[in-house]
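Enquirer:
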Amino acid sequence: MYHITKESLVETDMDKAWEFIQNPANLNLITPPDMAFEIVSELPDEMFEGMLVEYRVKIPVVGTQPWLSELKHIVPGRSFVDEQKIGPYKLWYHYHALEQIGDQVKFIDQVTYEVPYCIFGKIAHALFIRKTLERIFSYREERFQEIFS
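Residue numbers (my numbering): 5 to 153.
As structure tokens, then:
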């Protein structure tokens, strides 16, 4: 099992930050273009407990994959979890949180994940999966800065 934590400090307020992250449609704005991210399911304007979000995403080497996430443990204005139900990972548990720091908001992403395919998955993780995930979260941080500036 692997873990990634990424924190991004952005000049905004909690209401604006929550309004942005609670809308799954905004994933398009913070996902690198080369991942060909596409939301398949129709989405309401606000998330709700147990909401399922279906999308497709391009995974290096593997190609385009379906992904189904369930949104859960929602604390309005503060945090939520998206958990992969169907997708490329054996396990994907992504905790999203916001924290007010003076006149800024800290976006916190904590991901626990497992890769499939035993030893082959571990080799792929060492060669490119970890680096790809770090690149994705760095891109998200850049986009947060642009969106909220």
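Glycine included, C-beta positions come from ideal geometry on N, C-alpha and C.
In terms of residues, what are the limits of the alpha helix (DSSP H) holding residue 136?
Expert: Counted from its first residue, the sequence shown places residue 136 at position 132. First-last of the alpha helix (DSSP H) with residue 136: 134 to 152.
Enquirer: With 16 as the cutoff for other CB atoms within 10 Å, does residue 119 come out buried or exposed?
Expert: One-based indexing of the sequence shown puts residue 119 at position 115. Residue 119 should be labelled buried.
Enquirer: Strictly by DSSP, which residues pair up with residue 73?
Expert: Working through the sequence shown from its first residue, we reach residue 73 at position 69. Note: residue 73 sits in a beta bridge opposite 57 and 88.
Enquirer: Let me confirm a value: residue 34 is counted as buried when at least 16 other C-beta atoms fall within 10 Å, else exposed. Which label applies?
Expert: Here residue 34 is taken as the residue at index 30 of the sequence shown, counted from 1. The residue in question, residue 34, is buried, as its Cβ has 16 or more Cβ neighbours within 10 Å.
Enquirer: Mapping the DSSP letters down to three states, classify residue 52 as helix, strand or coil.
Expert: Against the sequence shown, residue 52 aligns to sequence position 48. It is coil, neither helix nor strand.
Enquirer: What residues in its chain sit with their C-beta under 6 Å from that of residue 115, if we drop five residues either side in the sequence?
Expert: Locating residue 115 in the sequence shown gives position 111, where the first residue counts as 1. So the list reads 8 and 98, once near-sequence residues are dropped.
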